[in-house]
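Have a look at the structure below, then the notes.
Put into structure tokens, the structure is as follows:
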């Protein structure tokens, strides 16, 4: 393939990966799509600004291991990005190169080279645990005579009771709650727009009902966010920043009565605490993994810092349980800039 023809092919493949292939075949999550777009934008910017390539000169060489490794060093040493961020961007670039190899077999080696590039070492960060005493102390702190206090308590109850992610909880709309019947539950939309059903205990239902009546009235709009911004309208959900600020305030008060409560409390600790307490109470790790919305059991193992022996036991349990259940149009770039190739159509 001549250099000019190769440059046009590669430029077109980048544009089509972002605009057509990724949204149609990889994910429907807007955040994930933006991540792919940002990764390729950063890489193409590096090729253009640091290596001198453009849409007329881009070639397979640009995606070979030496240049990718140089980019990784640039991100870490020049941009001072964290190892985790560098690894995420490498993963996004690998995904594109895998796609490129399906378009033209001669480029398959690029993906193989990229996969062989070792990830940067990441120092494991453990989530600070919340004891059951700490959870109880925190939930006793909000002033239930105020609407804000009732809201904050309901947030804590849902966060701890369901182990849902902060983003999932703040995305709950009134219509996602099903409080009638023998199995009251809430529907949450997780990563990749995957829907999960999380069941609610009777005490949680009682608190939610009370909050709904005072915050949303007798005939709540099913399309309104359960936790809305008091500074804006009920159509606007409360921000995670506002919730975190409230939680830190409650942590300071609760810490005075219970030293188990961390002063740097953040919402994710409720999720981690609930998962840890489920494990302590004897729930199977496989069930916990499903409730957390993890796609891989190994993710839950790492999340809860489970020992190798316990991992083996959990996998054996899983096996026992299993045994018992017998294109958008591409427009050629005329200004020669690589950065414009990642604009989604």
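Residue numbers (this note's numbering): 1 to 345. By construction, the Cβ of each residue, glycine as well, lies at the ideal position given by its N, Cα and C atoms. Every value quoted in this text rests on a predicted model; they were computed, and no experiment measured them.
Does the beta-carbon of residue i have 16 or more other beta-carbons within 10 angstroms, so that it is buried, or is it exposed?
i, result
"residue 319", "With a pLDDT of 43 at residue 319, under the threshold of 50, the modelled position of this residue cannot be trusted; read the value that follows with caution. Classification of residue 319: exposed, given that the 10 Å Cβ count is below 16."
"residue 144", "exposed"
"residue 269", "buried"
"residue 79", "exposed"
"residue 24", "exposed"
"residue 73", "exposed"
"residue 302", "exposed"
"residue 147", "exposed"
"residue 43", "buried"
"residue 11", "buried"
"residue 186", "buried"
"residue 7", "buried"
"residue 267", "buried"
"residue 112", "exposed"
May I ask which residues mark the beginning and end of the alpha helix (DSSP H) holding residue i?
i, result
"residue 286", "285 to 292"
"residue 110", "108 to 116"
"residue 49", "30 to 49"
"residue 86", "83 to 103"
"residue 156", "147 to 162"
"residue 14", "3 to 16"
"residue 134", "132 to 139"
"residue 205", "202 to 216"
Which value, in whole angstroms, describes the spacing of the CA atoms of residue i and residue j?
i, j, result
"residue 180", "residue 60", "60 Å"
"residue 153", "residue 121", "39 Å"
"residue 50", "residue 116", "24 Å"
"residue 20", "residue 55", "20 Å"
"residue 251", "residue 196", "29 Å"
"residue 287", "residue 189", "18 Å"
"residue 83", "residue 283", "34 Å"
"residue 114", "residue 99", "13 Å"
"residue 291", "residue 229", "28 Å"
"residue 110", "residue 161", "46 Å"
"residue 277", "residue 182", "24 Å"
"residue 142", "residue 48", "54 Å"
"residue 220", "residue 172", "13 Å"
"residue 285", "residue 305", "12 Å"
"residue 166", "residue 241", "11 Å"
"residue 77", "residue 118", "17 Å"
"residue 231", "residue 274", "31 Å"
"residue 208", "residue 85", "38 Å"
"residue 177", "residue 214", "16 Å"
"residue 262", "residue 130", "8 Å"
"residue 279", "residue 40", "40 Å"
"residue 198", "residue 272", "16 Å"
Would you say residue i and residue j are within 9 Å of each other, going by their C-beta atoms?
i, j, result
"residue 94", "residue 174", "no"
"residue 170", "residue 237", "yes"
"residue 348", "residue 75", "As shown, the chain starts at 1 and ends at 345. That puts residue 348 outside it, with no answer to give."
"residue 260", "residue 108", "no"
"residue 168", "residue 293", "yes"
"residue 164", "residue 254", "no"
"residue 35", "residue 192", "no"
"residue 341", "residue 14", "yes"
"residue 227", "residue 151", "yes"
Following the continuous beta strand (DSSP E) through residue i, name the residue where it begins and the one where it ends.
i, result
"residue 199", "195 to 199"
"residue 187", "185 to 189"
Checklist entry - Taking three-plus beta-carbon pairs below 8 Å as touching, is the segment 196 to 211 in contact with the segment 153 to 166? => result yes
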